[in-house]
Amino acid sequence: MSDDNTLQETTVDYRRLEADLPRMRTAYAAGQPFPHLVLDDVLVPDVFERAAEEFPPMRDQRWNGYLHVNETKYSNTDPETWGPTLTAVARELCSPRFVTLLGELTGIDGLIPDWTMDGGGLHQTLRGGHLNIHADFSTHHTHENWARRVNILLYLNREWREEWGGKLELWDKDMTSCQERVTPAGNRMLVFTTSDDSFHGHPDGLTCPEDVARRSMALYYFTEEDHVVRRSTNYRARPEDGWRKLAIGADRVALDLYDRAKRRLGVSDEKVQVLMSRLHRVRRKGR
1387 MSDDNTLQET
1397 TVDYRRLEAD
1407 LPRMRTAYAA
1417 GQPFPHLVLD
1427 DVLVPDVFER
1437 AAEEFPPMRD
1447 QRWNGYLHVN
1457 ETKYSNTDPE
1467 TWGPTLTAVA
1477 RELCSPRFVT
1487 LLGELTGIDG
1497 LIPDWTMDGG
1507 GLHQTLRGGH
1517 LNIHADFSTH
1527 HTHENWARRV
1537 NILLYLNREW
1547 REEWGGKLEL
1557 WDKDMTSCQE
1567 RVTPAGNRML
1577 VFTTSDDSFH
1587 GHPDGLTCPE
1597 DVARRSMALY
1607 YFTEEDHVVR
1617 RSTNYRARPE
1627 DGWRKLAIGA
1637 DRVALDLYDR
1647 AKRRLGVSDE
1657 KVQVLMSRLH
1667 RVRRKGR
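The numbering of the sequence shown is our numbering, which starts it at 1387 and goes up by one.
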C-alpha cells in the first residue's frame, strides 16, 4: 500500500465503505424523500476523537454568525484557522479517492470538491438555535458554471441526546410531511443529492445545555455545466408554522437579494450577516 493510501486509511475507513459500496449505492438511490444515505463511523475512531477535541470554541473570533429569521447558527469557512486533524479530515473529504467514492455512491460523474467552503466549513448551533426547512442555493458564488450536486454533513458531537432536539428533518417536495429525521450523532455522515426540492433543516430551537453546541463539518460538491440555473436558498414553512410563514417568506426574499449582491458586487458574508442580525433583533423587539 502506498504512503498516500496508508494516510487515507488512517483518516477515513475506506476499506469498509468501499467493500459496502454496492449496498450503499442501492440504498442511496432508494432514499426518500430524495436520494440520501446515513453513514456511521466514517472516520477512524481516534481521528474522530481528535477532530471533536479540536473543534473551535465559540470564543474563537473566527466564527461568522448567520442570525436571522430562518437560521441562527455560526460558521467558520477558513481551514487555515482549524486544528491539524480537522484540516486533514477536510482535505481527505476533498481528495480524489473520496470524491470517486462519492461519485460511485450517488451516480453523479465529474464531481468537483470545493476547498473554498462556499457556504460550507465548520458549523455550530447553540441552545435555542435553529435552521428552517430549505433547499440549498444551486450554484457556486465564484465559479458560476458550477452546479451544486451533493452535500455531505459530518457530525462532530461527542455526545448528542435525543431530548436536545436538532434532528435534521427531510421533507417531501410538497412540504406536506417530514419523511425522515437524522440524529446528529458523532462520526455520522449524511450524504444527499442537492436539488430544488431537497428540503431539509432542524427548525425547532435546540434544548441542549448552554455549554453544548450542535457541531458539524459541511462540504459541497459541484459539476461543471454549460448552463446552470441560479437559485438562492429556498426556505419553506411547515404546515404547522402558522403566522411564521409570513416572516419566513419575507426573510427568504431578503436573502435572495443578499445572494445576488454577493455574486455581482462581491459583498462579504460578514458585512451582510451583521445587517441581517440587526434586522433580526429589530423584528424580535417588534413582536
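All C-beta atoms in this analysis are idealised placements derived from N, C-alpha and C, irrespective of residue type, glycine included.
Tell me whether residue i is buried or exposed, calling it buried when 16 or more other Cβ atoms sit within 10 Å of its Cβ.
i	result
H1613	exposed
T1528	exposed
G1506	buried
A1405	exposed
W1468	buried
Q1418	exposed
R1402	exposed
M1503	buried
N1531	exposed
T1486	exposed
G1514	exposed
L1479	buried
S1388	For S1388, the predicted model reports a pLDDT of 40, less than 50, meaning its position is unreliable and no value from the coordinates is stated.
P1595	exposed
L1425	buried
T1397	buried
T1525	buried
W1501	exposed
G1628	exposed
R1544	exposed
I need the boundaries of the beta strand (DSSP E) containing residue i, first residue and last residue.
i	result
M1561	Element bounds for M1561: n/a, residue is neither H nor E.
A1416	Taken as a continuous stretch (DSSP letters only), A1416 belongs to no beta strand (DSSP E), being part of the alpha helix (DSSP H) at 1407-1416.
V1424	1422-1426
L1453	1450-1454
Starting from residue i, trace the alpha helix (DSSP H) both ways and give me its first and last residue.
i	result
E1466	Per DSSP, E1466 belongs to no alpha helix (DSSP H) and is neither H nor E.
G1489	1482-1492
A1571	No alpha helix (DSSP H) contains A1571, which DSSP labels as neither H nor E.
E1545	No alpha helix (DSSP H) holds E1545; DSSP gives it neither H nor E.
E1439	1431-1440
CB residue i to CB residue j, shorter than 7 Å?
i	j	result
N1620	A1521	yes
L1491	M1410	yes
H1586	L1542	no
I1519	P1589	yes
K1553	T1511	no
G1591	H1509	no
Y1607	P1499	yes
Y1414	L1423	yes
S1676	D1642	Since the first residue of the chain shown is 1387 and the last is 1673, residue 1676 is not available in this structure.
A1416	L1472	no
R1448	N1462	yes
T1609	A1533	yes
I1538	V1577	yes
Going by the DSSP bridge assignment, what does residue i pair with across the sheet?
i	result
L1540	M1575, M1603
K1459	Y1452
V1475	Bridge partners of V1475: none, in fact.
L1497	None; L1497 has no bridge partner.
L1403	Its beta-bridge partners do not exist; DSSP assigns none.
I'd like the ranges of any beta strand (DSSP E) spanning at least 3 consecutive residues and lying wholly in the stretch 1500-1538.
With a minimum length of 3 residues, the continuous beta strand (DSSP E) runs that stay inside the stretch 1500-1538 are 1507-1511, 1517-1521.
Can you check the stretch 1574-1649 for any beta strand (DSSP E) of at least 3 residues that lies completely inside it and give the ranges in chain order?
For the beta strand (DSSP E) assignment, the uninterrupted runs of no fewer than 3 residues enclosed by the stretch 1574-1649 are, from N- to C-terminal side, 1574-1579, 1585-1588, 1600-1610.
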